[in-house]
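One structure is given below, encoded as structure tokens.
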Amino acid sequence: MMGAVVWLMVLWALLGWSQAAEKPPSLSVAVILGQTPTVSETALRPARGIGAPLDVTVLSVQVNQTDPGSMLTHLCELMSRQRLHGLVYGDGTDQEAVAQMLDFVSSQTSMPILGIHGGAAMTMAEK
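Letter by letter, the sequence shown follows residues -20 to -1, 1 to 107 of mature numbering (1 follows the signal peptide of the UniProt record, and there is no 0).
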């Protein structure tokens, strides 16, 4: 009896892995832009190449409020709703607090966050 149970578990595991092997691995990245010129959704999507090793999903989000409190609230809500592997953040402010908050969130969640514009892109002093 025990041998039959083990055999069924092995068979079930092999079938599950073979189905997973048919689908390419995926990567989910959020792009949050605030107070920046509007960027079209198609401009953010990567070009699909033949034989691409990853299926990249880009979630584009435009925000109006980029103060640190609203930014942190919006970011936490997004991370709780969506499984993300990385984040690109750009805003139109010169607030260094935004970069510090993004650094804190990245260190606590182990999620890479790239600041590309405004306060999010400010260089912080070494700790």
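Using N, Cα and C, we set each Cβ at its ideal position, and we do this for glycine too.
Predicted model only: the values in this text are computed from it and were never measured.
- By the neighbour-count criterion, in which 16 or more other beta carbons inside 10 Å mark a residue as buried, G95 falls on the buried side.
- Taking the Cα of S40 as reference, the smallest distance to any Cα among L64, S50, L52 is reached at L64.
- Distances from the CA of G99 to each of G66, Q42, M81, E57 were compared; the closest alpha carbon is that of M81.
- Taken atom to atom, the span from the alpha-carbon of M59 to that of V68 is near 13 Å.
- Between L34 and S6 a beta carbon distance of about 7 Å is seen, short of the 8 Å cut, so the two are scored as contacting.
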